[in-house]
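Residue numbers (our numbering), protein chains in the order written: chain F, 160 to 391; chain B, 11 to 135. Beta carbons are placed, not taken as given, at the ideal position from N, Cα and C, and that holds for glycine. Report on one structure; see the data block that follows.
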Amino acid sequence: MQVDLRILRYDPERDDAPHWESYAVEAGPMDRVLNLLHAVKDTVDGTLTFRRSCAHGICGSDAMLINGRNRLACKVRVEQLGRRISVAPLGGMPVVKDLVVDMDGFFAKYRSVMPFLVNDAPASARESRQSQAERERFDDTTKCILCAACTTSCPSFWAQPSYVGPAAIVQAHRFIFDSRDTAADDRLEILADQDGVWRCRTTFNCVTACPREINVTGAILEVTRAIVARHG
Amino acid sequence: MLLRYRGGPGMLAWAFHRIAGVALWAFILLHVLDIWLAAANPGLYDEVLAVYASLPGRMGEALLGAALLYHALNGLRIIALDFWPRLTRYHLQLWYASWVVFFLVGIPGAYLIVAPALGLPGLKG
Chain F
160 MQVDLRILRY
170 DPERDDAPHW
180 ESYAVEAGPM
190 DRVLNLLHAV
200 KDTVDGTLTF
210 RRSCAHGICG
220 SDAMLINGRN
230 RLACKVRVEQ
240 LGRRISVAPL
250 GGMPVVKDLV
260 VDMDGFFAKY
270 RSVMPFLVND
280 APASARESRQ
290 SQAERERFDD
300 TTKCILCAAC
310 TTSCPSFWAQ
320 PSYVGPAAIV
330 QAHRFIFDSR
340 DTAADDRLEI
350 LADQDGVWRC
360 RTTFNCVTAC
370 PREINVTGAI
380 LEVTRAIVAR
390 HG
Chain B
11 MLLRYRGGPG
21 MLAWAFHRIA
31 GVALWAFILL
41 HVLDIWLAAA
51 NPGLYDEVLA
61 VYASLPGRMG
71 EALLGAALLY
81 HALNGLRIIA
91 LDFWPRLTRY
101 HLQLWYASWV
111 VFFLVGIPGA
121 YLIVAPALGL
131 PGLKG
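In C-alpha cells, the structure reads:
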C-alpha cells in the first residue's frame, strides 16, 4: 500500500523555520516508520537527517513525534498508524536538523542526578547479596534506555525547560531504591529542588510515551514520597 | 506542543483540571467585584443579583458548580496518587470513577440550580 508520509523538515542553513514535506512511500503493514524514513533517505532525498542505531528498540536513538505521540521509529509499525503518517522531531528540544534534536541539555540533567552506584564501603571478599524483594524494588526503572520520549512528552517540560524531567528522575529512582547504594540522600536533595519532582503534574504522557512501558509517573511519585518522608 | 501532542486521558484530566481551576479563579474575581458593589452601589448590586437569578445566570452557576465539582473530584484523585504511588497503575479507572460521581452529583445539582428560573422547585437564592 502507499503511505502518505509527512515529515517536518528543517535545515538551519537553508530554512527560516521548520516546514512539512510530503512523500508517497510504498510500505507493508509490518514495515516500521524507520523503514519509511530510510526509503525516503535512500531513494528520494539523501539529505533527510535522523538518528538511528540498533533499529530494534534497545538503543533509544530514534525517538520521534509520530502521529502526534512520542514513539520509537524502529518499533512502531505502519499497521498501527494507518496510511497517513506524520513525523516530527521531539518537542521542547532545539532542532539541529530535520528529526535530530540537541540532546546536550537532556544528558546534562541525566548526569545531575548521579546516575551511578555509590558505595564506598570496602569490597567484601564474598559477593554482595541482594534479596529478590530488594531487587524488585527498582526493577521497573532499570529498563530505561534514555530515549527522551518521556521527558519531551511532558507539558511541564515544555513550559519549563529547566525541569529535570521524567527520564532523569527515573534514573535517580533506579539508584535511590537500590539497597546497595549509599547516596540516596544526595539524590533526594538534588530532586527536592524547585526544578525537581515538584513540577510533575501527573499527566501520564510519560507513561504512554515510554517504549519500555515503565511506570514513569509512579516512579516520580515514589521519589516525591521519599523526599517528603526524609524531611518529615 | 500543547495542541500538537496527542496525550491520553491523563493529559485530558490535567487540561480539564487547569481549565476548571482558571474558571473558578475568574468567578472569585467576579464575586469579589459583586460583593464590593453591595457597599459601593446597592442599586446596581440588586441588578447584578437579578442577572444571577435569570435563566442564563443560573446556567452559568450550573457550569460553575460543574467546574467546582470536577476540580474537587480530580483533586482527590491526584491526592490519592500522591499518597499511594502504586495507584498510578489504576489512574484511568480512578478518573472514570470521578466522572461517575461527577454525573451522579452534578445532574441533580444542575437541575436544582436551574429549575427555579423555569418556575420549577429548586434552590432559591
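Starting from the C-beta of residue i, find all residues in its chain whose C-beta is less than 6 angstroms away, skip the five residues before and the five after it, and write them out in chain order.
i             : result
residue 54(B) : 47
residue 30(B) : 77, 80 and 81
Less than 7 angstroms between C-beta atoms, sequence neighbours within five positions excluded: which residues of the same chain meet that for residue i?
i              : result
residue 307(F) : 222, 249, 262, 265 and 326
residue 316(F) : 251, 310, 322 and 324
residue 44(B)  : 55 and 58
residue 93(B)  : none
residue 233(F) : 191, 193, 211, 214, 215, 216 and 221
residue 19(B)  : 102 and 105
Using 8 angstroms as the limit for Cβ to Cβ distance, is residue i near chain B?
i              : result
residue 295(F) : no
residue 381(F) : yes
residue 312(F) : yes
residue 243(F) : no
residue 142(F) : The structure shown has nothing for residue 142(F), since chain F only spans 160 to 391.
residue 250(F) : yes
residue 194(F) : no
Tell me the rounded alpha-carbon separation between residue i and residue j.
i              : j              : result
residue 268(F) : residue 291(F) : 30 angstroms
residue 63(B)  : residue 127(B) : 7 angstroms
residue 335(F) : residue 379(F) : 12 angstroms
residue 17(B)  : residue 23(B)  : 10 angstroms
residue 25(B)  : residue 354(F) : 21 angstroms
residue 360(F) : residue 85(B)  : 11 angstroms
residue 345(F) : residue 89(B)  : 26 angstroms
residue 28(B)  : residue 279(F) : 46 angstroms
residue 116(F) : residue 125(B) : Nothing can be reported for residue 116(F): it is not among the residues displayed for chain F, which extend from 160 to 391.
residue 65(B)  : residue 225(F) : 46 angstroms
residue 383(F) : residue 358(F) : 11 angstroms
residue 362(F) : residue 12(B)  : 12 angstroms
residue 200(F) : residue 166(F) : 12 angstroms
residue 91(B)  : residue 295(F) : 21 angstroms
residue 195(F) : residue 277(F) : 43 angstroms
residue 350(F) : residue 356(F) : 6 angstroms
residue 259(F) : residue 373(F) : 24 angstroms
residue 95(B)  : residue 281(F) : 35 angstroms
residue 39(B)  : residue 340(F) : 51 angstroms
residue 87(B)  : residue 161(F) : 45 angstroms
residue 181(F) : residue 189(F) : 21 angstroms
residue 35(B)  : residue 42(B)  : 11 angstroms
residue 133(B) : residue 118(B) : 11 angstroms
residue 337(F) : residue 299(F) : 12 angstroms
residue 205(F) : residue 168(F) : 13 angstroms
residue 185(F) : residue 237(F) : 11 angstroms
residue 246(F) : residue 257(F) : 10 angstroms
What does residue i touch in chain B if you count any residue whose Cβ is under 9 angstroms from its own?
i              : result
residue 300(F) : None at all; the shortest Cβ gap to chain B is about 12 angstroms.
Got a sec: is the Cβ-Cβ distance from residue i to anything in chain F below 8 angstroms?
i             : result
residue 12(B) : yes
Take residue i and list the residues in its own chain whose beta-carbon comes closer than 8 angstroms to its own, dropping the five residues that flank it on each side.
i              : result
residue 320(F) : 251 and 264
residue 142(B) : In this structure chain B extends from 11 to 135, so residue 142(B) is not present and cannot be described.
Mind listing the chain B neighbours of residue i? Cutoff is C-beta to C-beta under 8 angstroms, in chain order.
i              : result
residue 187(F) : Correct list: empty, because the minimum Cβ distance to chain B is about 25 angstroms.
residue 377(F) : 95, 96, 98 and 99
residue 374(F) : 98 and 99
For a contact meaning CB atoms closer than 7 angstroms, what does residue i contact in chain B?
i              : result
residue 317(F) : 11 and 12
Members of the stretch 70-100 of chain B near chain F, C-beta cut-off 9 angstroms: 87, 88, 91, 92, 93, 94, 95, 96, 97, 98 and 99
Counting only Cβ-Cβ distances shorter than 7 angstroms, please list the residues of the stretch 339-370 of chain F near chain B, keeping chain order. 360, 361, 362, 363, 364 and 367
Any C-beta of chain F within less than 7 angstroms: which residues of the stretch 15-31 of chain B qualify? 15, 16, 17, 18, 20, 21 and 24
If you measure beta-carbon to beta-carbon, which residues of the stretch 215-228 of chain F are closer than 8 angstroms to chain D? Of the protein chains in this structure, namely F and B, none is chain D.
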